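Below is one structure, written out as structure tokens; comments come after it.
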Amino acid sequence: MAPNSLTERNDAMNVQPREETRSNERFIRPAVNIIETEEGLFVTADLPGAAKDSIDVNVEKGVLTISAPVEVSMPGTPAYREFELGSYFRQFTIPETLDHGKAKADFVNGILTLRIPKAEIAKPRRIEVQVS
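Using UniProt numbering, the first residue of the sequence shown is number 1, and each one after it goes up by one.
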């Protein structure tokens, strides 16, 4: 039986995360939710501290890349620190049946939301049977 969901396809192909970079810079892997529906793919990513203008979302050769540099400038010397802000970077293999040209992205309160619809040819259709 052929896999029918994004997770099953990635598991079946033994896809490894493509988050290796050649840069010496450290990256934070943002928490991400990916939901596949009949209409397309919905991706939400948690990017606290990122600026809307600095977020880069790209799809190339079936790989969705989300990256966002975070600039932190606070006066003074930190006395205590439990978390660190840094640049965000995540990559995912996504189906080629998506219509990347109609993708939409919103960024509200540190949450990036992507909506990537399926191409019309990939959407399920009901074919009516005619009685002769």
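Don't be surprised by glycine CBs; every beta carbon is placed ideally from N, CA and C.
Computed from a prediction, not measured in an experiment: that's the story for all the values here.
What does the Cβ neighbour count give for residue i, buried or exposed, with the cut at 16 atoms within 10 Å?
i: Y80; result: exposed
i: R90; result: buried
Does residue i come out as helix, strand or coil in the three-state DSSP assignment?
i: K61; result: coil
i: E120; result: helix
i: G101; result: helix
i: S54; result: helix
i: L47; result: coil
Are the beta-carbon atoms of residue i and residue j separated by less than 9 angstroms?
i: L112; j: L47; result: yes
When you compare only the Cα positions, how much space is there between residue i and residue j?
i: K52; j: P30; result: 15 angstroms
i: A119; j: L41; result: 11 angstroms
Round the Cβ separation of residue i and residue j to the nearest angstrom and send it over; I've been treating them as touching at under 8 angstroms.
i: F92; j: I34; result: 7 angstroms
i: I28; j: S67; result: Contact flag wrong, Cβ pair sits at about 11 angstroms.
i: V50; j: V70; result: Before going on, a small fix: residue 50 reads as Ala here, not Val. Their Cβ separation, rounded to whole angstroms, is 6 angstroms, which keeps A50 and V70 in contact under 8 angstroms.
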